[in-house]
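Worksheet: the structure to be examined is printed underneath.
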Amino acid sequence: MNSKTKRFSRDAQTRSELSQLWPTRVNFRSSNGDSIREETILVTVAGPFGRILLITGNAEYLRDRTRAKAVASIKNADAGVNLVEATSVGVSAAELIGMTGPSLFSETTAIVLTEIENLADDASDALVDYAANPQDEITIVLVHSGGNKGRGLLQKLRASPSVDEVAVNAPKYDNDYAAWVRAEARDRGRKMDDRAAVGLVNAIGKDLRALAGAIDQLALTLADGEPVTSELIDEYFSGRAEIKTYEIADAAFEGNISRALEKVRWSFENKVSPVFMVAAFASGVRGLASVSASAAMSDGDIAKAHGMPPFKVKAIRSTLRGWNDVGIAHAIEVIANADTDVKGGAADAGWVIERLVIDVAKARDVR
Numbered sequence: 200m201n202s203k204t205k206r207f208s209r210d211a212q213t214r215s216e217l218s219q220l221w222p223t224r225v226n227f228r229s230s231n232g233d234s235i236r237e238e239t240i241l242v243t244v245a246g247p248f249g250r251i252l253l254i255t256g257n258a259e260y261l262r263d264r265t266r267a268k269a270v271a272s273i274k275n276a277d278a279g280v281n282l283v284e285a286t287s288v289g290v291s292a293a294e295l296i297g298m299t300g301p302s303l304f305s306e307t308t309a310i311v312l313t314e315i316e317n318l319a320d321d322a323s324d325a326l327v328d329y330a331a332n333p334q335d336e337i338t339i340v341l342v343h344s345g346g347n348k349g350r351g352l353l354q355k356l357r358a359s360p361s362v363d364e365v366a367v368n369a370p371k372y373d374n375d376y377a378a379w380v381r382a383e384a385r386d387r388g389r390k391m392d393d394r395a396a397v398g399l400v401n402a403i404g405k406d407l408r409a410l411a412g413a414i415d416q417l418a419l420t421l422a423d424g425e426p427v428t429s430e431l432i433d434e435y436f437s438g439r440a441e442i443k444t445y446e447i448a449d450a451a452f453e454g455n456i457s458r459a460l461e462k463v464r465w466s467f468e469n470k471v472s473p474v475f476m477v478a479a480f481a482s483g484v485r486g487l488a489s490v491s492a493s494a495a496m497s498d499g500d501i502a503k504a505h506g507m508p509p510f511k512v513k514a515i516r517s518t519l520r521g522w523n524d525v526g527i528a529h530a531i532e533v534i535a536n537a538d539t540d541v542k543g544g545a546a547d548a549g550w551v552i553e554r555l556v557i558d559v560a561k562a563r564d565v566r
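Printed below as a string of structure tokens:
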């Protein structure tokens with residue numbers, strides 16, 4: 200085993216060296232300033248157990264997504280793993296030692312520790328000591344939130360042969376954002392030309408989470424095999440950088456009719472396509488239905504089963520408190536009807552969307 204921490208960049212060590220697989224998506228930044236994109240890599244030479252994955256970088260969305268994918272990979276390696284998730288604020292050395300001790304519930308344990316820059320000195324020392332002598336039945340995922348805080352801890356962890364680091368940084372230049380958007384579209388089986396990618400960045404802005412959400416919505420809305428063109432971007436997003444159609448759907452699912460209608464009117468004033476608004480509702484109700492059907496499962500298991508990050512599962516669980524299966528079924532029907540209306544060229548698309556908001560919000564009360 201290499202005595203140095205593996206830090207992955209575009210010119211990372213050859214993949215043929217990696218034996219047992221722990222795939223994770225990370226973004227690579229080339230040393231000559233070329234575009235940033237994400238690829239699938241094989242992160243560790245020995246599978247997740249007995250290893251520590253260190254996630255660093257300045258992009259919160261990419262850190263969250265990489266963490267979620269790492270947890271899914273651990274679950275794939277051992278479905279019965281005991282998963283322990285915690286933020287580092289207030290974690291003591293004794294608690295950390297307890298986390299890395301034998302589990303009464305499973306032969307293997309996965310520890311996910313976020314915001315490690317906030318670990319107290321004694322806990323940091325305990326973590327470094329553990330990294331020097333990791334246990335074969337334990338895997339740890341550490342997330343650093345970026346910045347200089349906790350830099351000393353990072354340096355010590357990087358010196359440990361048991362630590363594999365994945366750095367996920369946001370694109371730096373405009374053309375890098377466009378390249379990232381094209382890669383996201385490609386990952387969803389969609390072709391996107393350069394003009395469309397630049398147009399989406401100009402329309403949505405440089406929020407990676409919002410950009411990824413926009414591409415998700417496009418992938419759901421367009422016909423199979425239909426490419427994402429600059430004309431489509433103009434149709435769906437022209438004139439409004441801050442509009443996020445999922446915010447309309449979220450407000451309606453939460454029962455906040457006035458807020459949802461305000462965002463609808465704002466969207467129409469800025470020429471956002473009603474097709475895209477309905478697609479956001481369709482995506483939202485699928486999430487509600489999926490989490491509702493899996494209510495007895497843990498957030499991590501639901502995230503794995505339905506391909507969504509744990510933070511999204513938690514948000515949907517919160518929304519579900521006002522819903523039941525009958526209401527969800529009614530909302531699905533309402534959304535399907537609205538989809539037919541707007542795609543059929545309804546004479547008053549504004550009325551269709553406003554009616555959709557009201558009917559979905561009221562579906563919470565259907566019993």
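Residues 200 to 566 (my numbering) are what the sequence shown spells out, left to right.
Ideal Cβ positions, reconstructed from N, Cα and C, are used throughout, including at glycine.
Just so it is clear, the structure is predicted and the values come from calculations on it, not from any experiment.
- Going by beta carbons, E383 and A411 fall inside the 7 angstroms limit.
- Residues A402 of the same chain have their beta carbon placed closer than 6 angstroms to that of F436, with the five preceding and five following residues left out of the count.
- A direct Cα-to-Cα measurement between R458 and K511 gives close to 21 angstroms.
- Distance from the CA of A271 to the CA of L252, rounded to the nearest whole angstrom, comes to 13 angstroms.
- DSSP places L312 inside the beta strand (DSSP E), whose first and last residues are T308 to T313.
- Short of 7 angstroms from the beta carbon of I315, and not among the five residues preceding or following it, lie these beta carbons of its own chain, in chain order: S287, L341, V342, H343, G349 and L352.
- Contact between the stretch 325–334 and the stretch 357–369 is present: 3 or more CB-CB pairs across the two stretches fall below 8 angstroms.
- Contact between the stretch 547–566 and the stretch 520–536 is present: three or more C-beta pairs spanning the two stretches fall below 8 angstroms.
- D324 and I296 have their alpha carbons spaced roughly 11 angstroms apart.
- The DSSP assignment places complete beta strand (DSSP E) segments of no fewer than 3 residues inside the stretch 283–367 at 308–313, 337–342 and 362–366, in order along the chain.
- Contact annotation: the stretch 466–479 touches the stretch 544–552, with at least three C-beta pairs closer than 8 angstroms.
- In this structure, A366 lies away from R381, with their beta-carbon atoms at least 7 angstroms apart.
- The criterion of a C-beta distance shorter than 7 angstroms is not satisfied by G424 and A560.
- A check of alpha carbon separations from G499 across A258, K268, E259 and K390 identifies K268 as the nearest.
- The bridge partners DSSP lists for V427 are M391.
- When beta bridges are read from the DSSP output, L252 appears opposite V340 and D363.
- When rounded, the separation of the alpha-carbon atoms in R387 and S482 is 15 angstroms.
- Taking the C-beta atoms as reference points, D538 is found nearer than 7 angstroms to V477.
- Per DSSP, N523 lies in no alpha helix (DSSP H) segment and is marked neither H nor E.
- In the structure shown, N281 adopts extended strand secondary structure according to DSSP, grouped into three states.
- Per DSSP, L407 is one residue of the alpha helix (DSSP H) stretching across L407 to T420.
- The closest CA to that of Y372, considering only A285, Q354, E461 and G404, is found on G404.
- Distance from the CA of I447 to the CA of S497, rounded to the nearest whole angstrom, comes to 28 angstroms.
- The C-beta of G300 has fewer than 16 other C-beta atoms within 10 Å across all chains shown, which makes the residue exposed.
- Between V463 and I531 the beta-carbon gap is near 20 angstroms, outside 8 angstroms, which marks them as no contact.
- Judged by beta-carbon spacing, I515 lies within the 7 angstroms limit of G486, meaning their Cβ atoms are closer than that value.
- Shown here, Y445 sits in a helix according to DSSP, grouped into three states.
- Here A479 has Q416, T444, Y445, I447 and A448 as same chain residues with Cβ atoms under 8 angstroms from its own Cβ, once five neighbours each way along the sequence are excluded.
- The Cβ atoms of V533 and D558 sit closer than 7 angstroms to each other.
- Burial state of S517 is exposed, judged by a 10 Å Cβ sphere holding fewer than 16 other Cβ atoms.
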